[in-house]
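In what follows, a single structure is set out as structure tokens and then discussed.
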Amino acid sequence: MRAVGKKGVIMEKYKKLTVSFVKRQYYPHLLLTLLLIVFSGGFVSFKALEEPQAAKVMEMYVTFTGILLFTPLFMPEQDKEIWNLERSKSTSMWKVYLPRVLLALLVCVLVTLLFVGLMKKGGGHFHAGILLRGACCEILFLGSIGFFASAVTNQVVIGYMAAVVYYAVNIGGGKFLGRFALFKMMQGEYGTWTYWLFGAAVLLSGGILAREKMRF
Numbered sequence: 037m038r039a040v041g042k043k044g045v046i047m048e049k050y051k052k053l054t055v056s057f058v059k060r061q062y063y064p065h066l067l068l069t070l071l072l073i074v075f076s077g078g079f080v081s082f083k084a085l086e087e088p089q090a091a092k093v094m095e096m097y098v099t100f101t102g103i104l105l106f107t108p109l110f111m112p113e114q115d116k117e118i119w120n121l122e123r124s125k126s127t128s129m130w131k132v133y134l135p136r137v138l139l140a141l142l143v144c145v146l147v148t149l150l151f152v153g154l155m156k157k158g159g160g161h162f163h164a165g166i167l168l169r170g171a172c173c174e175i176l177f178l179g180s181i182g183f184f185a186s187a188v189t190n191q192v193v194i195g196y197m198a199a200v201v202y203y204a205v206n207i208g209g210g211k212f213l214g215r216f217a218l219f220k221m222m223q224g225e226y227g228t229w230t231y232w233l234f235g236a237a238v239l240l241s242g243g244i245l246a247r248e249k250m251r252f
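For what it's worth, my numbering labels the leading residue of the sequence shown as 37, then goes sequentially.
This is the structure:
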């Protein structure tokens, strides 16, 4: 019974840390994601889209949500006092970051579902499941680049820069990035989702591991 009670206290502790993170640092990024959705009609069309057009909406527009959602997950620890306080409590940092990553992933999936649904409602002709899978993995991969850069530098701004630069490089130089290039679905290649997912897993794990080991 004591073990169960202790486990419950620990879970409550990390829950409070996550809620505090959302209230203090993350809500502006959720708001920006919401604005991206609200104003999407002014930038993209949802009517009668074929596969390449639907893929273009997801890859050229919706992928930005990955940058918005995953890059700022280390924002609280940019404050050295917060960082030192968390470290002094012998807090398992991966347990602090994992709920944040899962929250960002949940919002990412919901946003992707919303856009796929809007395009389907507009009479789109494409395989919703395949597009959803590919888009989620691509968004996660792009976001994980910002996540990792932010993790190893302890600077969210650098994380944003890294992700945006990678996005920009893909516009003209995707051929040099091989299997990890973006915008493949627009070209009819839907098999690269496994590489995006693998890359995201490596970068997310590497970022969290770096935070466990590094001192700033």
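We put the CB at the ideal spot given by N, CA and C, even for glycine.
Remember, predicted model here, so these are calculated numbers, not experimental data.
- In the structure shown, the three-state DSSP call for E86 is strand.
- Looking from the CA of E87, the closest CA among R60, G235, M221, F75 belongs to M221.
- DSSP, read as helix, strand or coil, puts H163 in coil.
- Pairing V200 with C172 gives a Cβ-Cβ distance that is not under 8 Å.
- When DSSP states are grouped into helix, strand and coil, N206 belongs to the helix group.
- Three or more beta-carbon pairs separated by less than 8 Å are not found between the segment 146-158 and the segment 176-187, which leaves the two stretches without contact.
- In this structure the segment 64-79 lies against the segment 99-113, because at least three pairs of beta carbons, one per stretch, are closer than 8 Å.
- Going by beta carbons, T99 and I175 fall inside the 8 Å limit.
- Comparing C-alpha distances from K51 to each of R136, F82, H163, A236 shows the shortest one belongs to R136.
- In the three-state scheme derived from DSSP, where H, G and I count as helix and E and B as strand, G224 is classed as coil.
- For A217, no alpha helix (DSSP H) run applies, since DSSP gives it neither H nor E.
- Scanning its chain for C-beta atoms nearer than 8 Å, with the 5 sequence neighbours on each side dropped, one finds around R215 the residues T228, Y231, in chain order.
- Boundaries of the alpha helix (DSSP H) around S241: 229-249.
- In this structure R247 is in contact with Y133, their Cβ atoms being roughly 7 Å apart against a cut-off of 8 Å.
- A distance of 8 Å or more separates the beta carbons of Y97 and G170.
- At the C-beta level, L218 and F162 stay beyond 8 Å of one another.
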